[in-house]
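Colleague: Position 133 of the sequence shown, counted from 1, bears residue number 133 in the UniProt record's numbering, the numbering being contiguous throughout. First the structure, which I've put down as C-alpha cells, then a few questions once you've had a look.
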Amino acid sequence: MVNERHNGNLLVHLGPKLQAYPEELLRQRRGHDDQPEYLIQWSIVSLEERAVGGSSASSAETKPENISMWMSAEEVCASCPALLGKRKLEGQWVKEEKAASPFAAAVPLDEASLLEMKADVRSLVQRAGRQMAEPGAPESSILNTIHVLSAYASIGSLAGAFKETGALDLLMKMLCHKEKQIRRSAGKMLRALASHDAGSWAYVLLSLSQQDGIEQHMDFDSRYTLLELFAETTSSEEHCMSFEGIHLPQIPGKLLFVLVKRYLCVTSLMDKLSSGAEQGGEQQECAVPSLLAEERSRMKQEFEFSMAMANLILELVHVMGWDHSHKPELLPQQELRPRTTRSIFQHRATSCTTAQAAPTPPPKEPSIFKTRSAFPSRSSYVEYVQANLVCGMRVRMLEDYEQVSAGDEGDFRQSNDGTPPVQVYWQALGCTYWVHWHMVEIIGPSGQEEQEGQEK
C-alpha cells in the first residue's frame with residue numbers, strides 16, 4: 001500500500017485516486033503503557049490535485065480533508081520522522097533531517113576549551129548589555145554580538161553558562177527592542193539555546209507573558225515575534241501534562257497562532273483607523289484636494305480592516321469546526337415558522353395565541369437499537385455496534401474519554417484499524433474526535449433521514 005515518500009514522510013494510498021501523507025504534529029500524551037503517543041494530522045489529497053501542484057481553481061476553493069490519528073513513537077519514527085525533529089524518544093535523540101551546523105557538531109570538548117568558551121560567553125553577554133544600555137549604540141554592533149552569541153548558544157555544553165551570566169534576562173530585553181532585526185536575531189538565539197535547554201525557552205516566554213502592561217510598549221511586530229515563539233513552543237515542544245493522573249488537553253499551537261495572528265492584524269488596522277480619524281479632525285481647514293485624498297486613503301483602510309475581520313471570522317469558523325456542523329434548512333420552512341416574542345427579564349406563561357402559533361414537536365419514537373446493558377460482555381456489544389453502525393448515524397457517548405464527556409451526541413463519520421478506531425463529529429466539541437467502539441451507543445439514523453421520515 002505504501003510505495004512513495006513525500007519530503008521524507010510516507011505516502012499512503014487510500015484508494016485508486018486518493019493519497020494521504022502526515023502533515024502536522026498536533027499533540028503529545030502519555031499512553032496506557034507510559035509510552036509517548038503523538039496525534040498526527042494526515043492530509044488527504046487526490047492524484048489530480050497532486051499532479052497539478054494544487055494550483056487549479058477547484059483545489060484552491062476547497063480545503064483538503066484531514067484525518068487525525070494517535071500513533072506510537074515507533075510508528076511516527078517509521079512514517080514521519082521529520083515531524084518530530086530533535087525529540088528525545090526512549091533515551092535516544094532522533095536526528096533532524098537537516099544539514100548539521102558546524103557549531104553544533106557532536107564533537108566532545110576538552111575542559112580547557114570549555115572554560116575558554118564559557119569566558120567568551122560571559123564577556124559577550126556583558127558587551128551586549130553595555131551596547132543595549134547605550135542610547136546611541138549602532139544597530140550593527142549589537143547584531144554582530146547577538147550573532148556570535150547565537151553560535152555559542154547552539155553548543156549544548158554551554159547552556160549552563162548562558163544561565164549563569166544573565167543571558168536570559170538580556171534576551172527578554174532584546175525581544176522587546178524597538179529594532180525589528182534585533183528582535184528577530186534574539187528569537188534565533190533563543191531557538192538555538194532551547195534546542196539544548198527547553199527550560200530556558202519556557203523561562204523567557206513565561207517571564208515576558210507575566211509582565212504587567214507589556215502589550216502597551218510593544219508594537220505590532222514585537223507582539224508578532226513573541227507570538228511566533230509561543231506557537232513554536234506549543235506545537236513542536238509541548239509535553240504531556242497530567243494532574244492527579246488525569247491527562248490535560250493541549251491546544252494545537254499552529255491553530256492558535258493563526259487565530260491570534262489574524263486578531264493582531266485586525267487590531268493593528270484598527271489602530272491605524274483611529275489614529276487617522278484623530279488626524280483628520282485636526283485638519284478640517286485643509287484644501288479640497290487634500291480632503292479628497294484623505295477620504296480615499298481612509299476608504300482603503302476601512303476596506304483592508306473589513307477584509308482582515310472577514311479573514312479572522314473565516315479562520316475562527318474553520319478552526320472551531322462550525323462549517324461542518326452547519327446544516328442549512330429550507331427557506332419555505334424558515335418563512336412559515338412563527339416567531340414568538342419573549343422577555344429577557346422575566347418568565348411568564350405564554351398566551352393562547354402564542355401557544356397555538358408554536359406547536360410542540362412530536363414525541364420522538366423509542367430507539368430500535370440495543371443498549372450496552374443488553375449484552376453479556378463487552379466484546380459482544382462491540383460486534384453489535386460494528387455490524388449496525390453506518391456512516392451518518394447518531395451516537396451517544398457512554399463514558400468520559402479525554403475531551404469527550406458522557407452524554408455527548410454526534411454523527412458517526414468513519415472507522416479504521418487504528419486506536420481509537422471510531423471517528424465521530426461531536427456537537428458539543430464542534431469537531432471530530434476518535435473514541436473506542438464500546439464507548440458509543442447508537443441512538444438513531446442521521447438527522448437528514450430522521451427529518452425525511454417525519455415529513456412522510
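C-beta: ideal position from N, C-alpha, C; glycine also.
1) For Gln35, which residues from the same chain have a beta carbon less than 7 Å from its beta carbon, with the 5 sequence-adjacent residues on both sides left out?
2) Look up His177 in the DSSP assignment and say whether it is helix, strand or coil.
3) Do the CB positions of Leu168 and Ser200 come within less than 8 Å of each other?
4) Could you tell me whether the Cβ atoms of Gly444 and Val424 are closer together than 8 Å?
5) Would the beta-carbon of Val125 fall within 8 Å of that of Leu170?
6) If you drop the 5 nearest sequence neighbours on each side, which residues of the same chain put their C-beta closer than 8 Å to that of Val266?
7) Below 8 Å between beta carbons: does that hold for Tyr442 and Val385?
8) According to DSSP, is Gln423 helix, strand or coil?
9) By how many angstroms is the C-alpha of Pro135 removed from the C-alpha of Leu158?
10) Consult DSSP for Glu134 and reduce its assignment to one of helix, strand or coil.
11) Taking the alpha-carbon of Leu429 as reference, which of Ser123, Ala406, Met270 has the nearest alpha-carbon?
12) Can you grab the Cα-Cα spacing for the pair Lys180 / Val121, in whole Å?
13) Less than 7 Å separating the Cβ of Glu383 from some heavy atom of the ligand PLP?
14) How would you write the range of the alpha helix (DSSP H) that Val379 sits in, first residue to last?
15) For Ser415, list the residues DSSP reports as bridge partners.
16) Check Ile442 in the structure and name its three-state DSSP category.
17) So Leu149 and Met189 are supposed to be a Cβ contact under 8 Å. How far apart are they, rounded?
18) Need the endpoints of the alpha helix (DSSP H) that Cys391 sits in, please.
19) Which word fits residue 469, buried or exposed, when buried means at least 16 other C-beta atoms lie within 10 angstroms of its C-beta?
20) Would you mind sorting Cys176 into buried or exposed? The rule is 16 or more other CB atoms within 10 Å of its CB.
21) Specify the secondary structure class of Ala151 as computed by DSSP and reduced to three states.
22) Tell me which residue opens and which closes the beta strand (DSSP E) that Val76 is part of.
23) Does DSSP put Leu14 in a helix, a strand or coil?
24) Using beta-carbon positions only, say whether Val435 and Pro420 come within less than 8 Å of one another.
25) Going by CA-CA distance only, name the one from Val317, Asn388, Ala128, Ala137 that's closest to His147.
26) For the alpha helix (DSSP H) that contains Glu164, what are its first and last residues?
Modeller: Based on what the coordinates show:
1) Locating residue 35 in the sequence shown gives position 35, where the first residue counts as 1. Contacts found: Ser72, Ala73.
2) Taking the sequence shown and counting its residues from 1, the one referred to as residue 177 is at position 177. Of the three classes helix, strand and coil, the one that applies to His177 here is coil, per DSSP.
3) On the sequence shown, residue 168 is found 168 positions in, with the first residue counted as 1. On the sequence shown, residue 200 is found 200 positions in, with the first residue counted as 1. Their beta carbons are under 8 Å apart, which means Leu168 touches Ser200 by this criterion.
4) Residue numbering aside, residue 444 sits at position 444 when the sequence shown is read from its first letter. Residue numbering aside, residue 424 sits at position 424 when the sequence shown is read from its first letter. Against a cut-off of 8 Å, the Cβ pair of Val424 and Gly444 comes out as no contact.
5) Translated into the one-based positions of the sequence shown, residue 125 becomes position 125. Translated into the one-based positions of the sequence shown, residue 170 becomes position 170. Taking 8 Å as the Cβ cut-off, Val125 and Leu170 qualify as a contacting pair.
6) The sequence position of residue 266 within the sequence shown is 266, counting from 1. If we look at Val266 and ignore the five residues flanking it on each side, its Cβ neighbours are Phe305, Ala308, Met309, Leu312.
7) Translated into positions along the sequence shown, residue 442 becomes position 442. Translated into positions along the sequence shown, residue 385 becomes position 385. Note on residue identity: the sequence assigns Ile, not Tyr, to residue 442. Yes, they are a contact pair.
8) Numbered from 1 along the sequence shown, position 423 holds the residue referred to as residue 423. Looking at Gln423 - three-state DSSP - the assignment turns out to be strand.
9) Indexing the sequence shown from 1 puts residue 158 at position 158. Indexing the sequence shown from 1 puts residue 135 at position 135. So the alpha carbons of these two residues sit roughly 30 Å apart.
10) Translated into positions along the sequence shown, residue 134 becomes position 134. Three-state result, Glu134: coil.
11) The residue you call residue 429 lines up with position 429 of the sequence shown. Out of Ser123, Ala406, Met270, Ala406 has the C-alpha closest to the C-alpha of Leu429.
12) Here residue 180 refers to the residue found at position 180 of the sequence shown. Here residue 121 refers to the residue found at position 121 of the sequence shown. Distance between the alpha carbons of Lys180 and Val121: 24 Å.
13) You won't find the ligand PLP in this model; it holds no ligand whatsoever.
14) Locating residue 379 in the sequence shown gives position 379, counting from the first residue. The amino acid occupying residue 379 in the given sequence is Ser; Val does not appear at that position. Run containing Ser379: 378 to 388, per the alpha helix (DSSP H) assignment.
15) Taking the sequence shown and counting its residues from 1, one reaches residue 415 at position 415. Note: Ser415 sits in a beta bridge opposite Val422.
16) If you number the sequence shown from 1, residue 442 lands on position 442. DSSP places Ile442 in strand when its eight states are reduced to three.
17) Position 149 of the sequence shown, counted from the start, is the residue given in the question as residue 149. Position 189 of the sequence shown, counted from the start, is the residue given in the question as residue 189. That pair is a contact at about 6 Å.
18) Here residue 391 refers to the residue found at position 391 when the sequence shown is read from its first residue. Per DSSP, Cys391 is not a residue of any alpha helix (DSSP H), being assigned neither H nor E.
19) Residue 469 lies beyond the range of the chain shown here (1 to 456); nothing can be said about it.
20) Sequence index remark: in the sequence shown, residue 176 carries index 176 (1-based). Around the CB of Cys176, 16 or more other CB atoms lie within 10 Å, so the residue is classed as buried.
21) Here residue 151 corresponds to residue number 151 of the sequence shown, with the count starting at 1. Residue state, collapsed to three classes: helix.
22) Taking the sequence shown and counting its residues from 1, one reaches residue 76 at position 76. Where Val76 is concerned, there is no enclosing beta strand (DSSP E), although the alpha helix (DSSP H) it sits in stretches over 73 to 79.
23) To locate residue 14, count along the sequence shown from 1; it is residue 14. Leu14: coil per DSSP, three-state reduction.
24) Numbered from its first residue, the sequence shown carries residue 435 at position 435. Numbered from its first residue, the sequence shown carries residue 420 at position 420. Against a cut-off of 8 Å, the Cβ pair of Pro420 and Val435 comes out as a contact.
25) Here residue 147 refers to the residue found at position 147 when the sequence shown is read from its first residue. Comparing Cα positions, the closest option is Ala128.
26) The residue labelled residue 164 in the question sits at position 164 within the sequence shown. Glu164 -> alpha helix (DSSP H) spans 159 to 164.
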